[in-house]
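Chemist: Here it is: the structure, laid out below.
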Amino acid sequence: YLSHKEQAAFVDAMMVVTVPKNETILKQNDKGNNFYLIKSGTAEVRIDPPADAPNAPPLVRTIGPGAHCGELALLTGNARAATVTATSSEITLLMVSRRLFNHFIGDKIRAKRADWVPFLASVPLLERELGTYEHGLIADALTERVLEAGEVITCEGEGAGGSSYFYLLREGTVEERPPAATAAADA
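Letter by letter, the sequence shown follows residues 3 to 189 of our numbering.
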């Protein structure tokens, strides 16, 4: 989202915050005022089920250095979607306010998510098990790649040693050819 110069300015605007184990960093349903980037330590992210599904299990995951939290409430203006609690003996966070977050990156993230989340929600592999929050995280990680007609996307047998990308076709068509046909077409 940001150029190297913008990234440096964004990091310079952040404040270092240290949180002890078991302290809540942000709480589900509270108003969001800050964005957090984990510098060191770990935290638990817990999303409790909605009131209309009280017997559903909470969604829980652990995040660590390089992970972030708090952006969703800043981007949407909605209440916090999860509770984040420090799980390591101490966690060091880089924190930035809503105002600075939106100044540096908020509009760019909102635009990318507005463009991609509806598409991701329509992909059968992603629509059933994932919600808007997860679709937003995937949208953040996506890199769009435009290919020319006839360009090879991946080859059979590449596996773990070959392509390390997962492709979603947003528009256009693809053709699957057996390896011999691909080799002949490239000759």
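No residue lacks a Cβ here, since even glycine has one placed at the ideal position from N, Cα and C.
Between T94, D117, P52, which lies nearest to S42 when the distance is taken from Cα to Cα?
Modeler: Indexing the sequence shown from 1 puts residue 42 at position 40. Looking at the Cα atoms, T94 is the closest of the given residues.
Chemist: Return the chain-ordered ranges of every alpha helix (DSSP H) run that is complete within the segment 50 to 131 and spans a minimum of 4 residues.
Modeler: 73 to 78, 100 to 103, 109 to 124, 126 to 129
Chemist: Just grab the DSSP bridge partners of Y38 for me.
Modeler: Reading the sequence shown from its first residue, position 36 is the one you call residue 38. According to DSSP, which records beta bridges pairwise, Y38 is partnered with C71, M97.
Chemist: Thinking C-beta only, is A83 closer than 8 angstroms to L74?
Modeler: Numbered from 1 along the sequence shown, position 72 holds the residue referred to as residue 74. Numbered from 1 along the sequence shown, position 81 holds the residue referred to as residue 83. Yes, these two residues count as a Cβ contact at 8 angstroms.
Chemist: For R115, count neighbouring Cβ atoms within 10 angstroms of its own Cβ and tell me buried if that reaches 16, exposed if not.
Modeler: Counting from 1 along the sequence shown, the entry for residue 115 is found at position 113. Counting Cβ neighbours within 10 Å, R115 comes out buried, since at least 16 surround it.
Chemist: Would you give the residue range spanned by the beta strand (DSSP E) that I27 belongs to?
Modeler: For this step, residue 27 is matched to residue 25 along the sequence shown. Start and end: 26 to 28.
Chemist: Could you spell out where the alpha helix (DSSP H) holding T44 opens and where it closes?
Modeler: Position 42 of the sequence shown holds residue 44. Unbroken run through T44: none, as it is neither H nor E.
Chemist: Can you look up V18 in the DSSP assignment and give me helix, strand or coil?
Modeler: Sequence index remark: in the sequence shown, residue 18 carries index 16 (1-based). Reduced to three states, the DSSP call for V18 is strand.
Chemist: Can you list, in chain order, the residues of its chain with a C-beta nearer than 7 angstroms to that of A141? Leave out the 5 residues immediately preceding and following it.
Modeler: Taking the first residue of the sequence shown as position 1, residue 141 is located at position 139. Once the five neighbours on either side are set aside, the close Cβ partners of A141 are K114, R115, W118, V119, L122.
Chemist: Are the CB atoms of F106 and L4 within a distance shorter than 8 angstroms?
Modeler: Here residue 4 is taken as the residue at index 2 of the sequence shown, counted from 1. Here residue 106 is taken as the residue at index 104 of the sequence shown, counted from 1. Yes; because the gap between Cβ atoms is below 8 angstroms, this pair is in contact.
Chemist: Quick one: Cα of G79 to Cα of K33, how far?
Modeler: Locating residue 79 in the sequence shown gives position 77, where the first residue counts as 1. Locating residue 33 in the sequence shown gives position 31, where the first residue counts as 1. Taking the straight line from one Cα to the other gives about 8 angstroms.
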